[in-house]
Amino acid sequence: MLNVVLPILIFTALALALLGALRRVGLWRQGRPSPVSVLGGLAAMPRRYLMDLHDVVARDKVFANTHVATGGGFVAAAVLLILVHGFQLESRVLSGALIVASVVMFAGALRVAARRRNPPARLSRGPWMRLPKSLFAFASGVFLVTLPTAGVVPASFGGWALAAVLTLVVAWGIAEMFLGMTWGGPMKHAFAGALHLAFHRRPERFGGGRSTGLKPLDLGNPEAPLGVGKPADFTWNQLLGFDACVQCGRCEAMCPAFAAGQPLNPKKLIQDMVVGMAGGTDAAYAGSPYPGKPIGEHGGDAHSPIVLREGRALVDAETLWSCTTCRACVEECPMMIEHVDAIVDMRRYLTMEHGNTPNKGREVLENLATTDNPGGFDPASRMNWAADLDLPLISRRGSADVLLWMGDGAFDMRNQRTLRALVKVLRAAQVDFAVLGNEELDSGDVARRLGDEATFQALAVRNAATLAKYRFREIVTCDPHSFHVLKNEYPAFGVSCTVTHHSTFISSLMEKGRLALGEWTGGRVTYHDPCYLGRYNGEYEAPRKALKGIGIKVVDMERSGFRSRCCGGGGGAPITDIPGKRRIPDMRMEEINATKADVVAVGCPQCTAMLEGVVGPRPEVLDIAELVAAQLVAAPAAAQRAKKDVAEEVAA
């Protein structure tokens, strides 16, 4: 019986799975064109899965091993099932391998079942709760029907009754595994995820690379949409990426806006995009909702507006404006989905097509357009903070080793202290540096994150023209947002130069022995990793090295490094100011206070502002430059002369 039924069952399921795959591809192809290397992507897919994706999965060792057992066991079992029972190849070796693969898969299913007995809040339930049963059905059914083929038991073992039961069990497992991959269900991520790795929107992320700069819009093309107003405005491989979501909730668990009770859940957002791609409502969603927004309120289709001011839409505008663009969701996603790209794309449409930027957003964008800075200050006052410092202007010299990019700190009294400290350090190390002075414009970071691509590009083009006039070895800045934009987003506008964060530069000065420093005696210090320095640019060690160089032993918070919690200052969040149950900087300060630190070291003007704005007991907030400048004891050259004089006196 099994010899007759199994081939029919297997090839019928494969045929239906193929039809489902074609349907799924059709849904993705509703999106805009995006050129990819089909053969190159498919060839790179195994390495991207085994190396890049599994590096993220492996952060949870137990889950990583579970994934290897269930995923690897299923792939091996599926291939061998087709060979042994589909094509009925008589091979004890293949049959034995199929038994081993099914046992490995069964072992993984046991771990999945244990995880699903009392799942954490971040995991979606609903159809996902049947996943362990489906894995058990496939693994156990394949194991039992293969025993006679492998010669472990007689071919007539169990008779017709057992054969009928096994047929039903195998049918259940095959239906969930094969059809679920392409028609929808818990296994959909396996099919979509594999192709997502092959045709990823950011192939630069693979092979140890890093790709975090936003992609520019072609503002010169009147046919190109200004952002994303409906799901079909996404590129087809962005839609594919949304479909790859496994609903594990890692993004949800790390999102600062979600934790603060603002109406954003990155997992729910991605699932709403899937709903829009296929058409329907979110009524079947089985995970955590947007805080304060019940399930069932959102719906649409591929050609309907994503955001509406009235009536049901896929997403509410305040959900998009809650994002701090901290990239914690992207960093944690085991499927390597680009949540922040999608959010900014949708913001672009709201801002440029409708002027729908909430609270102070419109005022800030108008200031940038008229005064080249978000605060609306007189552009001619950019250098007022340094009236007594006699800073060298590069326009008078034509060249310098280091171009100091001042950033918005030039207009903020608190961050002027950081700039002055950095200047003190540079002069102590006898660095040949200069500034642009009033020629420097805002980098455009906040305009781009608020969706005003036109203003960003206008600022980028003008800054690029200014930079092209002068010769310098590198740009140094104490603002990670300017650092990121200049380094990763300005190259699209012709800027190609080395850009360094001041913590990295100070650390290199220490290594070269160019700073004479005393030892820190000020107490316990913790360090807050800025999102745009850490997750965006992978720099975690240089700030700690700089602090270590003055004798500080950093006491890290529970959430530090790539899992550092955002201060709440990025992505224009303080400007759009979407209310929640708590403030993000207050939550971060609780984590800081848990270290019992006397000082929290920072490396970002926005982090400084957000953390100093916390009301209540808190440690002193000091920039790395301020901490280092306070420990300067003498210029290295003077110190060397003094040492030489002492040596000569001793010799005499």
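Mapped onto full-length UniProt numbering, the consecutive letters of the sequence shown carry residue numbers 1 to 652.
Note that the Cβ used here is the ideal one computed from N, Cα and C, for glycine as well.
For W28, which three-state DSSP category applies? The residue you call residue 28 lines up with position 28 of the sequence shown. Three-state result, W28: helix.
Is it right to say P222 is buried, meaning 16 or more other beta carbons lie within 10 angstroms of its own, or is it exposed? Start at 1 with the first residue of the sequence shown, and residue 222 comes out as number 222. Exposed, by the Cβ-count rule.
Please report the straight-line C-alpha distance between V36 and V344, rounded to a whole angstrom. Counting from one through the sequence shown, the residue named residue 36 turns up at place 36. Counting from one through the sequence shown, the residue named residue 344 turns up at place 344. Their Cα atoms are separated by approximately 22 Å.
Excluding sequence positions up to five away, which residues of its chain have a Cβ less than 6 Å from the Cβ of residue 653? Missing from the structure shown is residue 653; the chain here goes from 1 to 652 and no further.
Can you tell which of M352, A109, N118 and L147 has the C-alpha that lies nearest to the C-alpha of P132? Within the sequence shown, the letter at position 132 stands for residue 132. Of the listed residues, the one whose Cα sits closest to P132 is A109.
Go ahead and label F191 buried or exposed: buried means 16 or more other beta carbons lie within 10 angstroms of its beta carbon, across all protein chains shown. Position 191 of the sequence shown, counted from the start, is the residue given in the question as residue 191. Classification for F191: buried.
Whole angstroms are fine: how far does the CA of T498 sit from the CA of A317? Against the sequence shown, residue 317 aligns to sequence position 317. Against the sequence shown, residue 498 aligns to sequence position 498. Whole-angstrom Cα-Cα distance: 37 Å.
Tell me where the beta strand (DSSP E) around W236 begins and ends. The sequence position of residue 236 within the sequence shown is 236, counting from 1. No beta strand (DSSP E) holds W236; the alpha helix (DSSP H) holding it covers W236 to D243.
What's the gap between the Cα of N463 and the Cα of E439? The sequence position of residue 463 within the sequence shown is 463, counting from 1. The sequence position of residue 439 within the sequence shown is 439, counting from 1. Computed Cα separation, rounded: 8 Å.
Among residues of its own chain, excluding the 5 on either side of A454, which ones have a beta-carbon nearer than 7 Å to its beta-carbon? The sequence position of residue 454 within the sequence shown is 454, counting from 1. Excluding residues within five positions, the ones whose Cβ falls inside 7 Å are L219 and M352.
Quick one, which of G451, S322, T477 and D233 has its alpha-carbon nearest C566's? Position 566 of the sequence shown holds residue 566. Here the closest residue by C-alpha is S322.
Going by C-alpha distance, which of K268, G159 and E310 is nearest K293? For this step, residue 293 is matched to residue 293 along the sequence shown. Taking only the C-alpha atoms, the option nearest K293 is K268.
Would you tell me roughly how many angstroms separate the C-alpha atoms of D412 and P619, rounded to the nearest one? Start at 1 with the first residue of the sequence shown, and residue 412 comes out as number 412. Start at 1 with the first residue of the sequence shown, and residue 619 comes out as number 619. Between D412 and P619, the C-alpha separation is close to 21 Å.
Who are the Cβ neighbours of A460 in its own chain at under 7 Å, not counting the five residues just before and after it? Within the sequence shown, the letter at position 460 stands for residue 460. Hits under 7 Å: G444, Y490 and F493.
7 Å CB neighbourhood of L195 in its chain, flanking five on each side removed: Taking the first residue of the sequence shown as position 1, residue 195 is located at position 195. Excluding the 5 residues flanking it on each side, L195 has same chain C-beta neighbours closer than 7 Å at L240, in chain order.
So what does DSSP say about G185, is it helix, strand or coil? Against the sequence shown, residue 185 aligns to sequence position 185. If DSSP states are grouped into helix, strand and coil, G185 belongs with coil.
CB of A597 within 7 Å of CB of V525, strictly: Start at 1 with the first residue of the sequence shown, and residue 597 comes out as number 597. Start at 1 with the first residue of the sequence shown, and residue 525 comes out as number 525. Result yes, Cβ atoms of A597 and V525 sit closer than 7 Å.
DSSP three-state label for A639, please. Translated into positions along the sequence shown, residue 639 becomes position 639. For A639, the predicted structure reports a pLDDT of 46, less than 50, and the residue's modelled location is therefore unreliable. The matter cannot be settled from this model.
Between which residues of its own chain and G569 is the CB-CB distance below 7 Å, once the five residues before and five after are set aside? Indexing the sequence shown from 1 puts residue 569 at position 569. Closer than 7 Å at Cβ, skipping near neighbours: Q606, C607, A609 and M610.
Would you decide whether T521 is buried or exposed? Buried here means 16 or more other CB atoms lie within 10 Å of its CB. The sequence position of residue 521 within the sequence shown is 521, counting from 1. Exposed is the label assigned to T521, since fewer than 16 other Cβ atoms lie within 10 Å of its Cβ.
Name the one or two DSSP bridge partners that F472 has. On the sequence shown, residue 472 is found 472 positions in, with the first residue counted as 1. Paired residue(s): A400.
Does the region 532-540 come within contact of the region 575-583, defined as at least 3 CB pairs closer than 8 Å? Contact between the region 532-540 and the region 575-583 is absent: fewer than three C-beta pairs spanning the two stretches fall below 8 Å.
Alpha carbon of A113 to alpha carbon of G603, nearest angstrom: The residue labelled residue 113 in the question sits at position 113 within the sequence shown. The residue labelled residue 603 in the question sits at position 603 within the sequence shown. Between A113 and G603, the C-alpha separation is close to 44 Å.
What are the complete beta strand (DSSP E) segments, minimum 3 residues, inside the region 436-502? 471-477 and 498-501
So, under 8 Å CB-CB, M177 and S134 are touching, yes? Tell me the CB distance rounded to an integer number of Å. For the purposes of this step, residue 177 is taken as residue 177 along the sequence shown, with counting starting at 1. For the purposes of this step, residue 134 is taken as residue 134 along the sequence shown, with counting starting at 1. About 7 Å separates the two Cβ atoms, so the contact holds.
Counted within 10 angstroms of its Cβ, other Cβ atoms place M51 as buried (16 or more) or exposed: As a working note, residue 51 is residue 51 in the sequence shown. So M51 ends up on the exposed side.
What residues are listed by DSSP as bridge partners for W321? For this step, residue 321 is matched to residue 321 along the sequence shown. Its beta-bridge partners do not exist; DSSP assigns none.
Taking the straight line between their C-alpha atoms, what separation do you get for P119 and C248? Working through the sequence shown from its first residue, we reach residue 119 at position 119. Working through the sequence shown from its first residue, we reach residue 248 at position 248. Answer to the nearest angstrom: the Cα atoms are 10 Å apart.
Cβ distance (whole Å) where T504 is taken to contact A542 below 8 Å: Numbered from 1 along the sequence shown, position 504 holds the residue referred to as residue 504. Numbered from 1 along the sequence shown, position 542 holds the residue referred to as residue 542. Confirmed, about 4 Å.
Contact between the region 137-157 and the region 195-207 (3+ Cβ pairs under 8 Å): no
In chain order, each alpha helix (DSSP H) run of at least 4 residues that lies wholly inside the region 24-83: The region 24-83 contains, as complete alpha helix (DSSP H) runs of 4+ residues, the segments 38-47, 54-57, 61-67 and 73-81 (chain order).
With distances taken from CA atoms, which of C333, Q271 and L350 is nearest R309? Translated into positions along the sequence shown, residue 309 becomes position 309. Taking only the C-alpha atoms, the option nearest R309 is L350.
Suppose you measure from the CA of K643 to the CA of Q430; what does that come to, to the nearest Å? Here residue 643 refers to the residue found at position 643 of the sequence shown. Here residue 430 refers to the residue found at position 430 of the sequence shown. Confidence at K643 is low in this model, with a pLDDT of 46, below 50, so its placement is unreliable and no value can be given for it.
Using only the alpha-carbon positions, how far apart do A69 and D55 sit? In the sequence shown, residue 69 corresponds to position 69, counting from 1. In the sequence shown, residue 55 corresponds to position 55, counting from 1. Near 16 Å, if we compare the C-alpha coordinates of D55 and A69.
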